[in-house]
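Number of protein chains: 2
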Amino acid sequence: MNDLEIVFTLKALIATPDTATFEVLERNAHPADIAAALAQLSIADQVRLLQTASIELRAEIFGYLPEEQQLLVAEALPRSMLTTLFLQMAPDERADLYNRLPEERRETILPALAQAEREDIRRLAAYPETTVGAVMTSDYASLRAELTAAAALNELRRIAPDAETIYQAYVIDEHRHLIGTVSLRELILAAPNKLVGDFMRPDPITVHADAPREEAARLVADYDLLALPVVNDNNMLVGIVTYDDARDIEQLETDIDFHKVGAISDLGKTMKEASIWLLYRKRVFWLVLLVFGNLFSGAGIAYFEDTIAAYVALVFFLPLLIDSGGNAGSQSATLMVRALATGDVVMRDWAGMLLREIVVAGLLGATMALAVSGLGIWRGGEEIAIVVSLTMMIVVLFGSLVGMSLPFLLSKFKLDPAAASAPLITSIADIAGVLVYFALATALLDLPVPGV
Amino acid sequence: MNDLEIVFTLKALIATPDTATFEVLERNAHPADIAAALAQLSIADQVRLLQTASIELRAEIFGYLPEEQQLLVAEALPRSMLTTLFLQMAPDERADLYNRLPEERRETILPALAQAEREDIRRLAAYPETTVGAVMTSDYASLRAELTAAAALNELRRIAPDAETIYQAYVIDEHRHLIGTVSLRELILAAPNKLVGDFMRPDPITVHADAPREEAARLVADYDLLALPVVNDNNMLVGIVTYDDARDIEQLETDIDFHKVGAISDLGKTMKEASIWLLYRKRVFWLVLLVFGNLFSGAGIAYFEDTIAAYVALVFFLPLLIDSGGNAGSQSATLMVRALATGDVVMRDWAGMLLREIVVAGLLGATMALAVSGLGIWRGGEEIAIVVSLTMMIVVLFGSLVGMSLPFLLSKFKLDPAAASAPLITSIADIAGVLVYFALATALLDLPVPGV
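Protein chains in written order, with my numbering: chain B, -2 to 449; chain Z, -2 to 449.
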């Protein structure tokens, strides 16, 4: 079924709720597509349709809904239905939803769940949002080392309906310490009577539940893992982060970096989901802050007012010069922020990177100086051409070095390198540009140096 | 073993090559970590060490080396060793390497390979770099619908050593048409004598080999797939894209977007790998191009030279005003480029987004106007304060609308929305800012309008 057919079927189902029609839909459409179509409808219609679906399909569709809509639907569902939905959801998604439900709604659900689920929800919901613990799932497959391959395979068959993945199983000792991993591929290839402990891979790569979530994403990517085991202080297995959860973390972190480089504070949600008020708040901070940066440029201009009055033609080149410094700086900062985020460049590369940047920026500055020298002669004569070219060379070099170094500096002080946004670099380059330009002009054009 | 121990062991191995020590390394370190340590050494040492490793480990380590290094090592390896390495590599990585080898090197390898491998390499290497065909692998597991679950499981056991994944198997008919998929989880849960055709999932999600590679990445992410089957014009199965390949594509596309927003042409490799000359070329184009944008601002300033001469104090506010418009525009463009790239926002959302942006930008403009009005009174008096505040309101609104609309427009004309870079938006906002500012000043301060 294509998207249009799904929407059409859903609309028909709103008019006449009919389990059989829903089963046709279930067989012919992916839950992700049904969720996408459903998300276009009103919350009341979404709730009505979900009530018609089978329990399993309901949980699957619900899992694919955007987080905002999950919350709205959860609040509108009858209590008994929300409870069964809760039981069907993956533990990590369930804990997420629980965290966002209003207090009174939480209290009506918890008593209806079994003790084990209650504790699981409470435990997962207790981890701060940006830690590995908050994104891991507790539905993993664990095995004992003493099992034979055949017995282990049977054990995996038994837990398959509940485990997030059975393709990686985790071997634990009697204290739940993680001692090894075994893949389903290895299990079905092993001789049936061989012991798991004899062919498991010891010393698996792990992550601590309190570690930042991006560390889990990085490990999954670096080692091409299907799932990464999560341990606590005592090296006890407490959960796993699957490859698709790792991918979601990466996307989220990339979004945050992207927005920071654009001088927007962390939105915490996608742009479409963000309200007008949220967008305003996340943008206004940087805009106003950068105004104060610009005051320095203004002060620089005010200081050189007599120079400008003597050569008004100088103003012609002002936007050109300060923008070029800012542009070169934005380029360097963008390259560096991204390289630091992906781990392509690390702290100890700083000296080497700086050296290379000086060469690249020098070449760029020389090219730009050459490009504007002709313009300088045409608009202001030879002397102004020299001032403009020299200034261009200096601001491009300065802007690039600031753009490259600031992300490193922020990183050094454990701040987010992505805070070295393009507008911030532009503001810094502006101030330098104004000062260098008018100081050079005052000196080279034999103008009186302004008093303080 | 930690990174330091691995490097230490490798250095010991350079001094005295010894297969036994390499086996200790193999048991205690992940190939990805060995590759990372190896990449720090000279190419000659890398080649020497790889020759000491077992064939399987050699191929695994080699697969984790950065692409640049793979090429250098491949060129330095003896021909016979390169051939065995080729046979061990995953088909997609092999075809990639083949494409980057110099012509004469390719010709020495091909004859040494079996007919099947030769054809496979030629076929995969023929797809353009940015298509699905170039990133897919031909090492997939395929099954016939007539098999029983038990027989299918045996078949998967047989092909496990060669297949990239056996967790998803693809059901094909006698003409290799893809008719369904079955997961290993479903296979081991099925009754042994049940036919694959009876429990496979029909109508799988597929992608065409000629489609852009980011489409494969998007499908894998949207449907949480382990692997995505790739078909040709006749719906014949030609390969699969695995989740880790999809993740690599996403990272690469994000890099490209990131750099474009920073006004850097597509580097095609990571920043660390890029040479000085490459970095220069990829940055200079935009820098010089943006100079010409700035000429319009300069021309605007020249046109209003008399206004500036009459009120030099106006120049004080110039950087502030044009930067604020540019900053607000960069914010909008960044939000929009990222939202379009992740599929969060699509073309048909344009009108709604524009409306919302007008409200947000209006609020931002009003806040900024208020912030600078006091400054205007202090520095230039009431009249200048009105000019500055009004200009601020207009440039923030204008910059935001351009920043939001340009990515949509580029997308509409099938261009990359990420080309709406922050510096480009800044240049456009600058021109508008200069014109609005001085035109308003000329009008409101009762100055003579300049002649053309």
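Beta carbons: idealized from backbone N, C-alpha and C, even for Gly.
Name, please, each residue of chain B whose Cβ falls closer than 9 Å to the Cβ of Z:S77. Counting from 1 along the second sequence, the entry for residue 77 of chain Z is found at position 80. Correct list: empty, because the minimum Cβ distance to chain B is about 28 Å.
Residue environment, Z:I237, which counts as buried when at least 16 other CB atoms sit within 10 Å: The sequence position of residue 237 of chain Z within the second sequence is 240, counting from 1. Buried: at least 16 other Cβ atoms inside 10 Å.
Measuring CB to CB, does Z:M133 end up less than 9 Å from Z:V4? Your numbering for residue 133 of chain Z matches position 136 in the second sequence. Your numbering for residue 4 of chain Z matches position 7 in the second sequence. The answer is no: Cβ separation not under 9 Å.
Using the C-alpha atoms, what's the distance from Z:F83 back to Z:E53? Stepping through the second sequence from its first residue, residue 53 of chain Z is reached at position 56. Stepping through the second sequence from its first residue, residue 83 of chain Z is reached at position 86. Put simply, the backbone Cα of Z:E53 is about 11 Å away from that of Z:F83.
Looking at the C-beta of Z:Q85, does it have a partner C-beta in chain D at a distance below 9 Å? Of the protein chains in this structure, namely B and Z, none is chain D.
From the beta carbon of B:N291, is the nearest beta carbon of chain Z less than 9 Å away? As a first step, residue 291 of chain B is located in the first sequence; it is residue number 294 there, counting from the start. Cβ-Cβ to chain Z under 9 Å: yes for B:N291.
B:T178 by DSSP, collapsed to three states: which one? Translated into positions along the first sequence, residue 178 of chain B becomes position 181. Strand.
Run the CB neighbour count on B:N291, radius 10 Å, all protein chains shown included, and call it buried at 16 or more, exposed below. Residue numbering aside, residue 291 of chain B sits at position 294 when the first sequence is read from its first letter. Classification of B:N291: buried, given that the 10 Å Cβ count is 16 or more.
Partners in chain Z for B:F313, counting only beta-carbon separations shorter than 7 Å: Taking the first residue of the first sequence as position 1, residue 313 of chain B is located at position 316. Neighbours of B:F313 in chain Z, taken as residues at a C-beta separation under 7 Å, are given in chain order as G295, I298 and A299.
CA nearest to the CA of Z:A368, picked from Z:V356, Z:G377 and Z:A382: As a first step, residue 368 of chain Z is located in the second sequence; it is residue number 371 there, counting from the start. The shortest C-alpha separation from Z:A368 is found at Z:A382.
Skipping 5 residues on each side, what residues in its chain have a beta carbon closer than 6 Å to that of B:T450? This structure cannot settle anything about residue 450 of chain B, because the visible part of chain B is limited to -2 through 449.
Any chain B beta carbon closer than 9 Å to Z:E20: Taking the second sequence and counting its residues from 1, one reaches residue 20 of chain Z at position 23. No, because no Cβ of chain B sits closer than 9 Å to the Cβ of Z:E20.
I want to see whether chain B comes within less than 9 Å of Z:P99, judged by CB atoms only; does it? Taking the second sequence and counting its residues from 1, the one referred to as residue 99 of chain Z is at position 102. With its beta carbon at least 9 Å from every one in chain B, Z:P99 lies outside the interface.
Would you report the Cα separation of Z:L153 and B:K257, rounded to the nearest angstrom? As a first step, residue 153 of chain Z is located in the second sequence; it is residue number 156 there, counting from the start. As a first step, residue 257 of chain B is located in the first sequence; it is residue number 260 there, counting from the start. Cα to Cα, the separation comes out at about 47 Å.
Using the C-alpha atoms, what's the distance from B:A92 back to Z:N96? Position 99 of the second sequence, counting from 1, holds the residue named residue 96 of chain Z. Position 95 of the first sequence, counting from 1, holds the residue named residue 92 of chain B. Roughly 47 Å between the two C-alpha positions.
From the DSSP output, read off the bridge partner residues of B:R141. Translated into positions along the first sequence, residue 141 of chain B becomes position 144. As a beta-bridge residue in DSSP terms, B:R141 pairs with B:I169.
Going by beta carbon distance, what residues of the same chain come within less than 8 Å of Z:A208, once the five residues before and after it are set aside? As a working mapping, residue 208 of chain Z is identified with position 211 in the second sequence. Answer for Z:A208: T128 and V129, listed in chain order.
Tell me which residues share the same chain as B:M344 and place their Cβ nearer than 8 Å to its Cβ, disregarding the 5 neighbours each side in the sequence. Here residue 344 of chain B refers to the residue found at position 347 of the first sequence. Excluding positions up to five away in sequence, the list reads F405, S408 and K409.
What first and last residue would you give for the alpha helix (DSSP H) that runs through Z:L150? For the purposes of this step, residue 150 of chain Z is taken as residue 153 along the second sequence, with counting starting at 1. It spans A146 to I156 - the alpha helix (DSSP H) in which Z:L150 sits, taken as one unbroken run.
With distances taken between CB atoms, is the gap from B:D457 to B:M(-2) smaller than 9 Å? Shown here, chain B extends from -2 to 449; a query on residue 457 of chain B therefore has no answer.
Cβ closer than 7 Å: which chain Z residues qualify as neighbours of B:P420? Your numbering for residue 420 of chain B matches position 423 in the first sequence. Under a criterion of Cβ atoms nearer than 7 Å, the residues of chain Z adjacent to B:P420 are, in order, N324 and S327.
With respect to the beta strand (DSSP E) encompassing B:T364, which residues constitute its N-terminal and C-terminal limits? By 1-based counting over the first sequence, the position of residue 364 of chain B is 367. No beta strand (DSSP E) holds B:T364; the alpha helix (DSSP H) holding it covers W347 to G377.
Candidates B:H172, B:A149, B:N231 and B:L387, of which the one nearest B:M197 by Cα: As a working mapping, residue 197 of chain B is identified with position 200 in the first sequence. Distances from the CA of B:M197 to each of B:H172, B:A149, B:N231 and B:L387 were compared; the closest alpha carbon is that of B:A149.
Which one of Z:A36, Z:P63 and Z:A419 has the shortest CA to CA distance from Z:L287? As a working mapping, residue 287 of chain Z is identified with position 290 in the second sequence. Z:A419 is the residue among Z:A36, Z:P63 and Z:A419 whose C-alpha sits nearest the C-alpha of Z:L287.
What do you get for B:H27, buried or exposed, if any count of 16 or more other CB atoms within 10 angstroms of its CB means buried? Position 30 of the first sequence, counting from 1, holds the residue named residue 27 of chain B. With 16 or more Cβ atoms within 10 Å of its Cβ, B:H27 is classed as buried.
Are the beta-carbon atoms of B:T267 and Z:T251 separated by less than 9 Å? Start at 1 with the first residue of the first sequence, and residue 267 of chain B comes out as number 270. Start at 1 with the first residue of the second sequence, and residue 251 of chain Z comes out as number 254. Cβ distance not < 9 Å, so B:T267 and Z:T251 don't count as in contact.
Is there at least one Cβ from chain Z nearer than 9 Å to B:P414's Cβ? The sequence position of residue 414 of chain B within the first sequence is 417, counting from 1. No - not a single Cβ of chain Z is within 9 Å of the one on B:P414.
Count Cβ pairs between the segment 294 to 304 of chain B and the segment 311 to 321 of chain Z that sit closer than 8 Å; are there 3 or more? Contact between the segment 294 to 304 of chain B and the segment 311 to 321 of chain Z is present, because at least three Cβ pairs lie under 8 Å.
Using beta carbons (cut-off 9 Å, strictly below), is Z:R27 in contact with chain B? Within the second sequence, residue 27 of chain Z is the residue found at index 30, counting from 1. The question names Arg, but residue 27 of chain Z in the sequence shown is His. True, the Cβ-Cβ gap to chain B drops below 9 Å.
Measuring straight from C-alpha to C-alpha, what distance separates Z:L494 and Z:L7? A question about residue 494 of chain Z goes unanswered here, because the residues of chain Z that appear run from -2 up to 449.
For chain B, is any of its Cβ atoms less than 9 Å away from the one on Z:T134? Here residue 134 of chain Z refers to the residue found at position 137 when the second sequence is read from its first residue. Z:T134 does not count as touching chain B.
Interface flag, Z:R141 vs chain B, CB-CB below 9 Å: Position 144 of the second sequence, counted from the start, is the residue given in the question as residue 141 of chain Z. False, the Cβ-Cβ gap to chain B never drops below 9 Å.
Please report the distance separating the alpha-carbon of B:I176 from that of Z:I273. As a first step, residue 176 of chain B must be located in the first sequence, where it is residue number 179. As a first step, residue 273 of chain Z must be located in the second sequence, where it is residue number 276. Note on geometry: alpha-carbon atoms of B:I176 and Z:I273 lie some 47 Å from one another.
Where Z:G481 and B:L398 are concerned, what is the direct C-alpha to C-alpha distance, given to the nearest angstrom? Nothing about residue 481 of chain Z can be read from this structure; chain Z reaches only from -2 to 449.
For the alpha helix (DSSP H) containing B:T49, list its first residue and its last residue. Along the first sequence, one-based indexing puts residue 49 of chain B at 52. Secondary structure note for B:T49: its alpha helix (DSSP H) is the uninterrupted segment I40 to T49.
Could you tell me whether any Cβ in chain Z is nearer than 9 Å to the Cβ of B:Y277? In the first sequence, the residue the question calls residue 277 of chain B occupies position 280. By this cut-off, B:Y277 is an interface position.
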